[in-house]
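Student: So the sequence shown is numbered by the numbering used here: it starts at 239 and just counts up by one.
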Amino acid sequence: MNEFLKKVKEKQKPVGTFFEIGGTTAAECIARSDFDYIIIDNEHGTLEPESTIDAIRGANLGGTIPFVRVRSHARPAIMKPLDVGAKGLIIPYVETIEQVKDIIRWAKFAPTGERGFCPSRKDGWGCDYPMGENGLPMNEMMEYWNKETLVIPQCETRGCLEHIEEIVAMDGVDGIFIGPYDLSIGMGIGGQFDNPEFLAAINKVKDTCHKAGKFVIIFTMDPKAAQKYYAEGFDSVTVGLDINYYINACSEAARTAKN
């Protein structure tokens with residue numbers, strides 16, 4: 239079972255952060271912290287396919303789960319991170335059911351989707367799970383990877399919120415990631431995280447996911463807010479950006495040295 243799903247089912251409160259800095263060493267270092275996963279950011283970050291591979295290697299070496307937030311819904315943007323070893327994809331700016339259908343097409347193997355089949359880094363270029371007389375049949379390999387790699391649309395638009403029941407019910411959608419900043423903007427109440435309309439919206443997403451047997455992740459910049467979200471029943475919380483932790487730690491060290 240995907241390690242993140244295992245943690246969710248065991249109520250371990252998996253917590254992650256966004257990986258923006260880039261580099262194998264940086265990824266390995268943050269992976270050695272207590273974060274259960276990192277989200278390698280292809281949307282707002284500076285990482286390209288080659289640097290994404292390096293970050294995934296660093297996460298593997300450090301012992302944490304590598305997710306990737308993709309840059310678009312296009313087939314190459316979806317397939318490449320999975321082929322190089324991402325354990326799940328966060329897909330931003332989902333607005334329509336048709337977009338989610340396309341995402342599933344590119345991210346899941348048949349019969350769920352139409353992901354291209356090829357030995358790649360995910361399976362040691364065919365060496366980890368060989369096919370043939372002494373290996374796995376092709377259909378079993380595709381079934382395995384469909385379960386092992388997670389598709390997680392990001393609910394950050396009014397369109398996604400309005401269609402959340404249909405989206406969550408789709409075979410191939412494993413869970414939902416709530417982006418509160420853009421969701422509040424899309425609702426016309428940007429940054430009003432205590433607004434009853436906003437609170438009702440995120441609770442609707444959470445309850446809809448759980449009713450369908452899917453998990454829900456929410457983002458916050460405040461680590462102290464994570465416990466509140468866990469108490470409210472959210473399955474996972476993504477806390478902040480690695481680059482802010484780096485800046486804050488360096489600033490604190492400098493202030494301490496000067497004072």
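Note that beta-carbon positions come from the ideal geometry of N, C-alpha and C, so glycine has one too.
#1: Mind checking whether residue 476 and residue 453 have CB atoms under 7 Å apart?
#2: Quick one: which unbroken beta strand (DSSP E) runs of 3-plus residues sit fully inside the segment 393-476? Chain order, please.
#3: Mapping DSSP to helix, strand and coil, what is residue 309?
#4: Return the bridge partner residues of residue 509 from the DSSP annotation.
#5: Of all the options 450, 435, 241, 312, which has the alpha carbon lying nearest to the alpha carbon of residue 342?
#6: Where do the ends of the alpha helix (DSSP H) carrying residue 185 lie?
#7: Just checking, does the segment 287-295 make contact with the segment 318-325 on the three C-beta pairs under 8 Å criterion?
#8: To which residues of the same chain is residue 386 closer than 6 Å at the C-beta, ignoring the five residues directly before and after it?
#9: Would you tell me roughly how many angstroms separate the C-alpha atoms of residue 449 and residue 340, rounded to the nearest one?
#10: Taking Cβ to Cβ, would you say residue 406 is nearer than 7 Å to residue 447?
#11: Could you pull the DSSP bridge partners for residue 257 from this structure?
#12: Looking at C-alpha atoms only, which residue of 440, 392, 256 is the closest neighbour of residue 470?
#13: Report the option in 247, 242, 254, 332 whose CA atom is closest to the CA atom of residue 483.
#14: What is the residue span of the alpha helix (DSSP H) that residue 340 lies within?
#15: State the start and end residues of the unbroken alpha helix (DSSP H) segment that holds residue 264.
#16: Can you tell me the Cα-Cα spacing of residue 325 and residue 271, whole angstroms?
#17: Mapping DSSP to helix, strand and coil, what is residue 374?
#18: Return the CA-CA distance between residue 309 and residue 434, expressed in angstroms with no decimal places.
#19: Taking Cβ to Cβ, would you say residue 258 is nearer than 7 Å to residue 437?
#20: Our contact map puts residue 417 next to residue 388 with C-beta atoms below 8 Å; I'd like the distance itself, whole angstroms only.
#21: Out of 422, 261, 251, point me to the one whose CA is closest to residue 284's CA.
#22: Keeping to the same chain, check which residues put their C-beta closer than 8 Å to that of residue 345; ignore five residues upstream and five downstream.
#23: Residue 304 and residue 274 - do their beta-carbons sit closer together than 7 Å?
#24: Which residue from 468, 496, 378, 362 puts its Cα closest to that of residue 246?
#25: Whole angstroms are fine: how far does the CA of residue 391 sit from the CA of residue 279?
#26: Measure from the alpha carbon of residue 256 to the alpha carbon of each residue in 250, 269, 249, then state which is nearest.
Tutor: In this structure, then:
#1: no
#2: 413-416, 453-458
#3: coil
#4: A query on residue 509 cannot be resolved here, the shown segment of the chain reaching from 239 to 497 and no further.
#5: 312
#6: As shown, the chain starts at 239 and ends at 497. That puts residue 185 outside it, with no answer to give.
#7: yes
#8: 240
#9: 24 Å
#10: yes
#11: 278
#12: 440
#13: 254
#14: 335-345
#15: 262-269
#16: 19 Å
#17: coil
#18: 31 Å
#19: no
#20: Residue 417 to residue 388, Cβ: 17 Å. No contact.
#21: 261
#22: 316, 317, 320, 327, 351, 353, 387, 389, 410
#23: no
#24: 468
#25: 14 Å
#26: 269
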